[in-house]
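Residue numbers (full-length UniProt numbering): 1 to 138.
Put into structure tokens, the structure is as follows:
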């Protein structure tokens, strides 16, 4: 992983910060054990980071170990908007990192509000089983 603070980053570049060290990646990168070495339960291909409509999204692609966004377990194969400053963790040990979009994130404030509203609506109308699963119950 190379550190870079270059202002010549292409639009949409993702800056991933692990333990204070930053590296830049193209959208669509799949992160895992190479990004956060030394943690049990982090798969080689664990989570995919993308940029859509100026927002960063994370999708868990791990087969067994969890992917967490702000402490909440993500459902595999479902894309989640990453709020600014949120922490993503891979595996049960919590190999954590932060991701931010470099250049090109303008005009997306309403997208986060809409995502939050949709999540609240989904949770309000979900069955008891779904609500339990969202809270991390098995």
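Think of the CB as a built atom: it goes at the ideal place given N, C-alpha and C, for glycine as much as any other residue.
Check: For residue 16, which of helix, strand or coil comes out of DSSP?; Outcome: strand
Check: Going by CA-CA distance only, name the one from 131, 130, 87 that's closest to residue 20.; Outcome: 87
Check: Can you tell me where the beta strand (DSSP E) holding residue 163 begins and where it ends?; Outcome: Look at the range of the chain in this structure, 1 to 138, and you will see that residue 163 is not part of it.
Check: Express the C-alpha separation of residue 46 and residue 54 in angstroms, rounding to a whole number.; Outcome: 23 Å
Check: Distance cutoff 8 Å, beta carbons only. Does residue 67 sit that close to anything in chain C?; Outcome: The displayed structure is made up of one protein chain only, and chain C is not part of it.
Check: If we ignore side chains and look at the alpha-carbon of each, how far apart do residue 39 and residue 27 end up?; Outcome: 24 Å
Check: Is there contact between the region 63-73 and the region 122-131, where contact requires at least three CB pairs shorter than 8 Å?; Outcome: no
Check: Going by Cα to Cα distance, which pick from 51, 79, 52 is closest to residue 60?; Outcome: 79
Check: Looking at the unbroken beta strand (DSSP E) that takes in residue 75, where does it start and where does it end?; Outcome: Careful: residue 75 lies outside any beta strand (DSSP E) and carries neither H nor E.
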